[in-house]
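Working notes for the structure below.
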Amino acid sequence: MTDTIPFSTPNTAELVEWYEAEAARTRAKSEVDPMIHAALGLCSESGEFASAVKAHLMYARALDKTNLLEELGDILWFLALAADSLTFSLRNVMLANIAKLRKRYPEGSFSVDRANNRNAKAEIAAMFGAGTEVRILFKTDLSATGDFAVVLEENHDDWIDAFETHELAMQFCRDRKFVVHLD
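For the sequence shown, numbering that gives the first Met the number 0 begins at 0 and goes up steadily by one.
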C-alpha cells in the first residue's frame, strides 16, 4: 500500500473528509439514482466479503486478508456513496451510530436483552438529540415516503425523515423533543 494522503499525520476528521472527496471523484456518471447504486453495491460487496469468510470457515481455505481488505474498501466506498446520496457525511453517520449504540448499551457492551428490546424513539433522540433544531419543509422531490421533510435547521439539505402530512411530521418532532423553527 502506498500513502497517497496529502498530509503527513491526518486527524480523523481530515481523513474522513479526504476519503469522501476521493470516493466522490470516482463516482459513476449514471442515470441510476446514487442511493440505488449504493444499496446494490453494499449488498454485493458484503456478499463478496461473506463469501471469502465462508471459504475460510467451510472449505478450510487460508483466510485471504488481502481480499478481505479490498472488499472492506469497496464496502466503505459504497457506504460513502449511500451517505452522500442522503446528504449525510460519513462523520454524521459515525457519530449518529455511536450515539445510538451508547443509548442501546449504556453499560458499554452487547446485551441480548437490550438488542431484543430496543427503544427506537430513545435511540433516534440520542442520534439527533433532544433540542435538535429542525424545520419542517414541504418538498416534492423526496420519495414515496411523503412531502413533508423534517430537516436540520443548520442545513436544509440534511433531512431526518419525511412524512405524508405536516401533522405527522410535527408529532415526530414532539416525540423527540426537537425544537421546530416556524416561519
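For every residue, glycine included, the Cβ atom is placed at its ideal position computed from N, Cα and C.
Find the nearest neighbour of Tyr-104 within the set Ala-121, Tyr-18 and Gly-128, judged by alpha-carbon distance. As a first step, residue 104 is located in the sequence shown; it is residue number 105 there, counting from the start. Out of Ala-121, Tyr-18 and Gly-128, Ala-121 has the C-alpha closest to the C-alpha of Tyr-104.
Given that a residue counts as buried once 16 or more other Cβ atoms are within 10 Å of its Cβ, and exposed if not, what is Leu-71? By one-based count along the sequence shown, residue 71 stands at place 72. Exposed, since its Cβ has fewer than 16 Cβ neighbours within 10 Å.
In the DSSP assignment, find the unbroken beta strand (DSSP E) run with Val-31 in it and report its ends. Along the sequence shown, one-based indexing puts residue 31 at 32. Premise fails: Val-31 is in no beta strand (DSSP E) and is neither H nor E.
Counting Cβ pairs closer than 8 angstroms, one from the stretch 124-133 and one from the stretch 170-182, do we hit at least three? yes
If you draw a straight line from the alpha carbon of Ala-81 to that of Asp-112, how long is it in whole angstroms? Locating residue 81 in the sequence shown gives position 82, where the first residue counts as 1. Locating residue 112 in the sequence shown gives position 113, where the first residue counts as 1. Near 30 angstroms, if we compare the C-alpha coordinates of Asp-112 and Ala-81.
Judging by CA-CA distance, which residue of Lys-176, Glu-152, Asp-174 and Ala-148 is the nearest neighbour of His-190? Because the chain is modelled from 0 through 182, residue 190 falls outside the range shown and cannot be assessed.
Could you name the residues of the same chain whose beta carbon sits closer than 8 angstroms to that of Gly-128, not counting the 5 residues immediately before and after it, in chain order? Locating residue 128 in the sequence shown gives position 129, counting from the first residue. So the qualifying residues of the chain are Ala-98.
What residues are listed by DSSP as bridge partners for Asp-160? Working through the sequence shown from its first residue, we reach residue 160 at position 161. Asp-160 pairs with Val-149.
For Phe-109, count neighbouring Cβ atoms within 10 angstroms of its own Cβ and tell me buried if that reaches 16, exposed if not. Residue mapping note: residue 109 aligns to position 110 of the sequence shown, counting from 1. Exposed, because fewer than 16 other Cβ atoms sit within 10 Å of the Cβ of Phe-109.
Report buried or exposed for Asp-160, applying the criterion of at least 16 other Cβ atoms within 10 angstroms of its Cβ. Within the sequence shown, residue 160 is the residue found at index 161, counting from 1. Looking at its Cβ environment, which holds 16 or more other Cβ atoms inside 10 Å, Asp-160 is buried.
Is there contact between the stretch 38-49 and the stretch 74-88, where contact requires at least three CB pairs shorter than 8 angstroms? yes
Are Ala-54 and Asp-63 touching if we call contact CB-CB under 9 angstroms? Position 55 of the sequence shown, counted from the start, is the residue given in the question as residue 54. Position 64 of the sequence shown, counted from the start, is the residue given in the question as residue 63. Closer than 9 angstroms, so yes.
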